[in-house]
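K.L.:
Before anything else, here's the structure in question.
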Amino acid sequence: MQTFATATDAALAMRPDVSVYCFRPEVLREDARRFMQAFPGQTAYAVKTNGERMVLETLAAAGVTAFDVASPGEFEAVRAVAPKAEMLYMHPVKAQSDIRLALETYGIRVLALDHEDEVAKILRVVRALDIDPSTITIFVRLQTKGAAAYELSKKFGAAPAHAVELLQRCDRIGFKVGLCFHVGSQIEDPETYRRAIASSDWVRSRAGVPLAGLDVGGGFPAEYGHDPRRKKPEMPGIGEIMSRLRSDLDEWGFSDLPLVAEPGRVVVARAFSLIVRVLLRKGRRLYINDGIWSSLSDSWTGKITLPARFIPDPARKSRNGDPNTVSAFRVCGATCDSVDILSRPFWLPETVDTGDWIEIGHIGAYSLALRSRFNGFYPDTFVEVTTPFDESGADSYASLETMADWKG
Ligand SMILES: *Cc1c(COP(=O)(O)O)cnc(C)c1O
């Protein structure tokens, strides 16, 4: 992989027509370590967020020893880079053959579920393989309510009374049992974890079985951009969320239990930026060479404003507009699909034009992991970049600090 100091250097050297992922291994190591230091338990990186080999390798080298996995593809990806790492199979709904593969081939001993039929599936495999149930930990996934950019509790999780029954059933079989929840992604309200912990306490006291652990899932927010004409929204930082989480765990008496977290976004978001090219400017619209079917579907679903840095093409001799005025540009994706238009604009200087590049920051989570081959577009070019996105120079129109300072 080629290495550059900044994405601007990479764009000007490569003059790419395809979008280019800029990987920052040092930032990834830093963010992983910061999370592990702040969280008072085991950190299991959620592989679905970004399962690239370079990411898993860097995390393993940074000391991440556990991974939250959901499929045979993820078992294999983790095994390939970290043969000794522990895998937690936290998908609540699993194929029987995948459960067998997990237990038999990958030695996985931690699984999640939210229904009794799932208990039966696991038990069938455990009996067939003659595994001692007490070597297996079953986390019962609890339904939660909250405010996340991506609400997941509608899909998975047992209601509290049902969770009580599941805990008791698994305990009777001889499994070790724990409670887990996943409050959704990009949590904006720190009360969300508190409510889930309170609900866990209710379930624990009703179930009356010894708990082997509490898994608080993922959902920890990453920093993105915002509309510079408005006041910067009051988003709790990861530090605040973590200190509240710790005091809530204390207050509800969970601090003495083994704790697990499954962060994805907060660990990997800052580790990548993306260089895209403006294929055409049409008024206030920019047609770019990436989009919701490539690297940008998460920002579309979550209505996230992405931090965008202008990289003007020096080959363009004449420009219109005031370079010091920043405007909103509607962003149209590369495919012919009419829904391939971002839900939030890019904020860029008025001089942006056909042929220029844009560096999109903090795009490491749910970006390349979700890219498709739709319409024949499949970005797959990587470079390494050594300077963090936020520190890449004064020429940046939409670095996060600059955005926060804009008066609009
Ligand atoms: C997706 C997922 C995560 C990671 O969520 P982030 O919001 O990226 O931290 C963790 N746990 C489970 C069960 C998930 O499905």
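Counting along the sequence shown from 1, when you hit position 166 you're at 166 in the working numbering, and nothing is skipped either side.
We treat Cβ as the ideally placed atom computed from N, Cα and C, and that holds for glycine.
Taking the alpha-carbon positions, what's the Leu368 to Ser295 distance?
P.N.:
On the sequence shown, residue 368 is found 368 positions in, with the first residue counted as 1. On the sequence shown, residue 295 is found 295 positions in, with the first residue counted as 1. Each residue's Cα considered, the two are about 5 Å apart.
K.L.:
So within the stretch 73-116, which uninterrupted alpha helix (DSSP H) runs reach at least 4 residues, ignoring any that extend past its ends?
P.N.:
96-100
K.L.:
Look at the Cβ atom of Pro263, then the Cβ atom of Phe35, and state whether they are nearer than 8 Å.
P.N.:
Residue mapping note: residue 263 aligns to position 263 of the sequence shown, counting from 1. Residue mapping note: residue 35 aligns to position 35 of the sequence shown, counting from 1. Yes, the pair counts as a contact, with Cβ atoms nearer than the cut-off.
K.L.:
Answer with buried or exposed for Glu251, where buried requires no fewer than 16 other C-beta atoms within 10 angstroms of its C-beta.
P.N.:
Counted from its first residue, the sequence shown places residue 251 at position 251. Exposed is the label assigned to Glu251, since fewer than 16 other Cβ atoms lie within 10 Å of its Cβ.
K.L.:
For Tyr106, which residues in the same chain have their Cβ closer than 6 Å to its Cβ, ignoring the five residues on either side in sequence?
P.N.:
Here residue 106 is taken as the residue at index 106 of the sequence shown, counted from 1. In the same chain as Tyr106, and ignoring 5 residues on each side of it, the C-beta atoms closer than 6 Å to its own belong to Phe75, in chain order.
K.L.:
Taking all protein chains shown into account, do 16 or more other C-beta atoms lie within 10 angstroms of the C-beta of Val339, making it buried, or fewer, making it exposed?
P.N.:
Here the question's residue 339 lines up with position 339 in the sequence shown. It is exposed - the Cβ of Val339 has fewer than 16 other Cβ atoms within 10 Å.
K.L.:
Secondary structure at Ser327, three-state DSSP: helix, strand or coil?
P.N.:
In the sequence shown, the residue the question calls residue 327 occupies position 327. Three-state DSSP puts Ser327 in a strand.
K.L.:
Where does the unbroken beta strand (DSSP E) through Ile288 begin, and where does it stop?
P.N.:
What you label residue 288 is simply residue 288 of the sequence shown in a count that begins at 1. Element bounds for Ile288: 285-288.
K.L.:
Rounded to the nearest angstrom, what separates Pro233 and Tyr45 at their Cα positions?
P.N.:
Within the sequence shown, the letter at position 233 stands for residue 233. Within the sequence shown, the letter at position 45 stands for residue 45. Taking the straight line joining both Cα atoms gives about 28 Å.
K.L.:
If you count every other CB in all the chains shown that lies within 10 Å of the CB of Tyr378, and 16 or more means buried, which is it?
P.N.:
The residue labelled residue 378 in the question sits at position 378 within the sequence shown. With fewer than 16 other Cβ atoms within 10 Å, it is exposed.
K.L.:
So Thr354 and Tyr21 are supposed to be a Cβ contact under 8 Å. How far apart are they, rounded?
P.N.:
Here residue 354 refers to the residue found at position 354 when the sequence shown is read from its first residue. Here residue 21 refers to the residue found at position 21 when the sequence shown is read from its first residue. Contact flag wrong, Cβ pair sits at about 23 Å.
K.L.:
Report the rounded CA-to-CA distance for Asn289 versus Glu359, giving the unit in angstroms.
P.N.:
Counting from one through the sequence shown, the residue named residue 289 turns up at place 289. Counting from one through the sequence shown, the residue named residue 359 turns up at place 359. So the two alpha carbons sit approximately 12 Å from each other.
K.L.:
So, with DSSP's three-state summary, where would you put Tyr21?
P.N.:
In the sequence shown, residue 21 corresponds to position 21, counting from 1. Three-state DSSP puts Tyr21 in a strand.
K.L.:
Kindly indicate which three-state DSSP category Glu401 falls into: helix, strand or coil?
P.N.:
Your numbering for residue 401 matches position 401 in the sequence shown. Confidence in Glu401 is poor, its pLDDT being 42 and thus under 50, which makes the residue's placement too unreliable to answer from.
K.L.:
Since Thr3 sits in a beta bridge, which residues does DSSP pair it with?
P.N.:
Along the sequence shown, one-based indexing puts residue 3 at 3. DSSP, once it has assigned bridges, lists Glu384 as partnering Thr3.
K.L.:
If you follow the beta strand (DSSP E) that Ile311 is in, where does it begin and where does it stop?
P.N.:
Counting from 1 along the sequence shown, the entry for residue 311 is found at position 311. Element bounds for Ile311: 308-311.
K.L.:
For the alpha helix (DSSP H) holding Trp252, just list the boundary residues, first then last.
P.N.:
Here residue 252 is taken as the residue at index 252 of the sequence shown, counted from 1. Unbroken run through Trp252: none, as it is neither H nor E.
K.L.:
Label Ala409 either buried or exposed according to how many other C-beta atoms from any shown protein chain fall within 10 Å of its C-beta, with 16 as the threshold for buried.
P.N.:
Because the chain is modelled from 1 through 408, residue 409 falls outside the range shown and cannot be assessed.
K.L.:
Measuring straight from C-alpha to C-alpha, what distance separates Asp68 and Ala5?
P.N.:
The residue labelled residue 68 in the question sits at position 68 within the sequence shown. The residue labelled residue 5 in the question sits at position 5 within the sequence shown. Those two C-alpha atoms are separated by around 32 Å.
K.L.:
Can you tell me the Cα-Cα spacing of Leu274 and Gly361, whole angstroms?
P.N.:
Taking the sequence shown and counting its residues from 1, one reaches residue 274 at position 274. Taking the sequence shown and counting its residues from 1, one reaches residue 361 at position 361. Cα to Cα, the separation comes out at about 7 Å.
K.L.:
Report all residues from its chain with a CB closer than 7 Å to the CB of Arg141; omit the five preceding and five following residues, and keep chain order.
P.N.:
Locating residue 141 in the sequence shown gives position 141, where the first residue counts as 1. Sequence-distant Cβ neighbours of Arg141 in its own chain, meaning closer than 7 Å and more than five residues away, are Pro92, Ala112, Leu113, Asp114, Phe156, Gly157, Ala158, Cys180, Phe181.
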